[in-house]
Amino acid sequence: MNANLFALFESRFPADRTACCIETHDGLYYTWDDLDRATAKIANLLTALELPAGARVAVQVEKSVEALCLYLATLRAGLVYLPLNTAYQEAEVDYFVGDAEPAVVVCSSANFGWVSKVAFKHNTHHVFTLDENRTGSLLQRAAQQSDVFTTVERQDDDLAAILYTSGTTGRSKGAMLTHRNLASNAQTLHEYWGWRSDDVLLHMLPIFHVHGLFVASHGALLAGAKMIWAPKLDMAQILKFLPRATVMMGVPTYYVRMVQEPRFDKEVCANMRLFVSGSAPLLLETFDAFRERTGHTILERYGMSETVMLVSNPYDETLGERIGGTVGLPLPGVEVRVVDGEGQACEASVIGNVEVKGPNVFKGYWRMPEKTAQEFTADGWFKTGDVGRFGGEVGERKVPDTYLTIVGRSKDLIISGGYNVYPKEIESFIDEMPGVAESAVIGVPHADFGEAVVAVVVRKPGADIDEAGMIGTLKGRIANFKVPKRVHVVDELPRNTMGKVQKNVLRDQYNTL
Ligand code: MLC
Ligand code: AMP
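Structure (C-alpha cells):
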C-alpha cells in the first residue's frame, strides 16, 4: 500500500467530486475535482524539475487555497514540504534556507528580490512566486502541465515535512515528520473528534504551523468535509461564517477575542459541534466565559511540532468530560508519562517532565543527530520540555488521574499568541546593538496573547539606549511577533550564586506591560 499521506486523502475524497471542498472568504468555490487537478498540475511541475529524492520545497507565502494545493502537491510528488512563517525576515529565512538547503523556494512576488538572493546564495536554483490572488510564476508554470498525476509511492518512514521549531540552545531545529507521523495522527484525530463528511470547518489559522496546516486541514480532508477558508483571525468573518460551520480551531487568543465581541453569542454558534483550542494554555476564565456565552465547552488539546497531537480532552462524552485547565487524556496509540529528574514515573498529582512515545513522534532533528539523541531517553521516550502532572487539582476541582495538566515548561520558551519565541535568539540580536552590554528576554502575562515578549537590557557605561529606537530597529530585523513589546534599560541583571541570570526575578519585577 502507498504510505503517501496524499494517497490517504485521495482515498477519502467524496464520491461526488463536484461537491464543494473549499469556499473562500471572498466567494470562490473549489470542488474536490479542482483540488485534484490543481495538485496534479503543481506535482507535475515539481516532477519536471527532476529533483533528487528527499528534496525540500521551502514555502513562505500568504495563506491561499493555492498555497494549500502547493503543500498537497509536494506530498503528492513525494517531496518534503518546509513551511515558513510569513513574518520571518531576511536573516531568519537565510538561516532556514542555509540549513535545509531546499531544492525549491516559493515566496510572494513582493519578497522575490531578497528571497531569490538568499536562495541563490545557498545554491537553490528554483525560485517561484505565489501570491494570495492566484498569481505568480508557480501557477503560470503549473498551468502548462497535465492535470493528471499518479501519486508517488512513499514508505511510512519517508519524510513528508520539516517544521522548524525553537530550541533551548543554539538556533532553530528542523523537526522531520514522516508520512506515517502525519497519517497516523490525522486518523486518530478523525476518530477521536468524531469528524463527519457533513462537517464544515471554519479554517482561520495560518498554514505554516502544525495547528492550521496539519490538525485543521488534515481533519477536513480526511473526512471529505468542506472548509470555509479565511486568511486570518477576523471577528467580522467569524460572525459571518460561523453560523454555517460545525468545527473551528484556534489558539487561545482566538477565544479571548471571541468572548470580548459583544455580537458573538449562542445564535452565531447554533450550528457548531466542536471548538478546539491548543498551541498555548487556555486560561480557565476564557474556558468558563466561552461556555457561559455560547453553551459550548471548548475542547483543549496539547501537541507540538515534533509530535503533532498528543493529548486531548474527550469529544465523546462517554469517555469523560472536558475539563478546563487540563489538556485531557493521551490520544489512542500515544503514550505519555510524567517523570522526575531521575526519569522515574511520578505519582498522580506530582509535577514532573512530560515524555511521550507513539507513531506520531518525529524522526529527529534535521542534520542534528546529537541534538536528536539528547532529546530522547535511552528507552525511546521523547522529552517534550513541558512540565505537567496527571490528576491533581485545577482551581478547587479534583481532576481524574487520567487527565494531564500542563503547568509550565522546562525549556526557555515564550508562547505569544500561539507563536513560539526563543529568548536566546532575541537576546543575541539585542546584544549586537550599540550600547548594549547584555540582555535578558522574558515572557510576561498578556491579556490578548497569553504571554508577551519583554526585554531587560543592560547598558554599557555611559551609553544611551532608548526603548522606542531599539524596538524600531528590531522590527526591521526579526519577525514582528518576536519583537519585545517593552524594553527596560537597567544597570545590571539579577544573578544567582552560580552567576546565572535569574529570569524568575525579572518576570516578577516586570510582570506588567
Ligand atoms: C501579531 N502580533 C503579535 C502576534 N501576532 N505579537 C505577539 N504575538 C503574536 N502572536 C503583533 C504584530 O507584530 C503587530 O504589531 C500587531 O500584533 C498586529 O498584527 P496582526 O498581524 O494584525 O495581528 P493579528 O492578526 O491580530 O494576529 C494575532 C493572532 C496571530 C493571534 C491572530 O498571531 C495568529 O494567527 N496566531 C496563531 C499562531 C498559530 O497558528 N500557532 C500554531 C503553532 S503550532 P505592530 O507593533 O507591528 O503593530 C503549535 C503546535 C500545537 O504550537 O500544539 O498546535
Ligand atoms: P511548537 O514548538 O510551536 O510546536 O509548540 C509546542 C509547544 O506549545 C508545546 O511544547 C507546549 O509548550 C505548547 N502547547 C501546545 N498546546 C498546549 C496547550 N494546550 N497547553 C499548554 N501548552 C501547549
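Using my numbering, read the sequence shown as starting at 3 and increasing by one per residue. Cβ atoms here follow ideal geometry from the backbone N, Cα and C, with glycine treated the same way.
Should residue i be labelled buried (16 or more other beta-carbon atoms within 10 Å of its own) or exposed?
i, result
"alanine 188", "buried"
"glutamine 376", "exposed"
"lysine 1", "Only positions 3 to 515 of the chain appear in the structure, and residue 1 is not among them; the question remains open."
"histidine 127", "exposed"
"tyrosine 424", "buried"
"proline 283", "buried"
"phenylalanine 11", "buried"
"tyrosine 31", "exposed"
"methionine 500", "exposed"
"lysine 228", "buried"
"glycine 56", "exposed"
"lysine 462", "exposed"
"arginine 391", "buried"
"glutamine 157", "exposed"
"leucine 132", "buried"
"glycine 218", "Sequence inspection shows alanine at residue 218; the glycine mentioned does not correspond to that position. Classification for alanine 218: buried."
"alanine 45", "buried"
"aspartate 493", "exposed"
"glutamine 146", "exposed"
"asparagine 6", "buried"
"glycine 478", "exposed"
"serine 186", "buried"
Can you name the start and end residues of the alpha helix (DSSP H) that residue i belongs to?
i, result
"glycine 419", "Glycine 419 -> no alpha helix (DSSP H), and no H or E assigned at all."
"lysine 373", "371 to 377"
"threonine 299", "First-last for threonine 299: undefined, no H or E at that position."
"glutamate 52", "That residue, glutamate 52, is in no alpha helix (DSSP H); it is neither H nor E in DSSP."
"serine 307", "Note, serine 307: premise wrong, no alpha helix (DSSP H); not H, not E."
"cysteine 71", "67 to 78"
"glycine 471", "469 to 477"
How close, in whole Å, do the beta carbons of residue i and residue j come, if the pair is a contact with beta carbons under 8 Å?
i, j, result
"valine 340", "valine 329", "That pair is no contact at about 12 Å."
"phenylalanine 277", "isoleucine 300", "5 Å"
"glutamate 302", "glycine 280", "6 Å"
"valine 107", "alanine 60", "5 Å"
"aspartate 311", "leucine 191", "The sequence shown places methionine at residue 311, rather than the aspartate named in the question. About 6 Å; that satisfies the 8 Å criterion."
"glycine 326", "phenylalanine 289", "4 Å"
"glycine 410", "phenylalanine 451", "About 17 Å separates the two Cβ atoms, so there is no contact after all."
"isoleucine 230", "valine 202", "6 Å"
"threonine 180", "lysine 365", "6 Å"
"isoleucine 164", "leucine 84", "5 Å"
"asparagine 4", "glutamate 155", "5 Å"
"alanine 102", "arginine 173", "Actually they do not touch by this definition, with Cβ atoms about 12 Å apart."
"valine 261", "phenylalanine 292", "6 Å"
"leucine 81", "leucine 53", "7 Å"
"threonine 41", "threonine 20", "About 17 Å separates the two Cβ atoms, so there is no contact after all."
"leucine 476", "valine 485", "5 Å"
"arginine 275", "valine 313", "Not really, about 21 Å apart at Cβ, beyond 8 Å."
"leucine 68", "arginine 136", "Just to set this straight, residue 68 is glutamate in the shown sequence, not leucine. Confirmed, Cβ separation roughly 6 Å."
"phenylalanine 384", "valine 363", "5 Å"
"lysine 441", "valine 456", "According to the sequence displayed, residue 441 carries serine and not lysine. With 8 Å as the limit, serine 441 and valine 456 do not qualify as a contact, their Cβ atoms being about 11 Å apart."
"phenylalanine 8", "glycine 226", "Between glycine 226 and phenylalanine 8 the Cβ distance is about 14 Å, and since that is not below 8 Å, they are no contact."
"alanine 481", "tyrosine 90", "5 Å"
By the DSSP assignment, the beta strand (DSSP E) with residue i in it spans what residues?
i, result
"aspartate 388", "384 to 392"
"glutamate 337", "337 to 341"
"serine 314", "310 to 314"
"tyrosine 166", "161 to 167"
"glycine 176", "175 to 180"
"serine 441", "438 to 448"
"alanine 9", "Alanine 9 -> not in any beta strand (DSSP E); alpha helix (DSSP H) instead, spanning 7 to 14."
"asparagine 355", "354 to 359"
"glutamine 511", "Looking at the DSSP string, glutamine 511 is not in any beta strand (DSSP E); the run it does join, the alpha helix (DSSP H), is 505 to 511."
"glutamate 269", "That residue, glutamate 269, is in no beta strand (DSSP E); it is neither H nor E in DSSP."
"phenylalanine 277", "276 to 279"
"valine 491", "488 to 492"
"arginine 58", "58 to 62"
"leucine 285", "Taken as a continuous stretch (DSSP letters only), leucine 285 belongs to no beta strand (DSSP E), as it is neither H nor E."
"threonine 33", "31 to 33"
"arginine 198", "Taken as a continuous stretch (DSSP letters only), arginine 198 belongs to no beta strand (DSSP E), as it is neither H nor E."
"cysteine 22", "22 to 26"
"leucine 84", "82 to 85"
"leucine 406", "406 to 411"
Would residue i pass as an interface residue toward chain B - the criterion being a Cβ-Cβ separation below 8 Å?
i, result
"asparagine 482", "Among the chains of the structure shown, chain B does not appear; only one protein chain is present."
inquiry  = Ignoring anything shorter than 4 residues, give me the alpha helix (DSSP H) runs that lie fully in the region 211 to 262, in order along the chain.
reply    = 219 to 225, 237 to 243 and 254 to 262
request  = Let me know the alpha helix (DSSP H) ranges lying completely inside the region 91 to 171, each 4 residues or longer, listed in chain order.
outcome  = 92 to 102, 114 to 123 and 139 to 145
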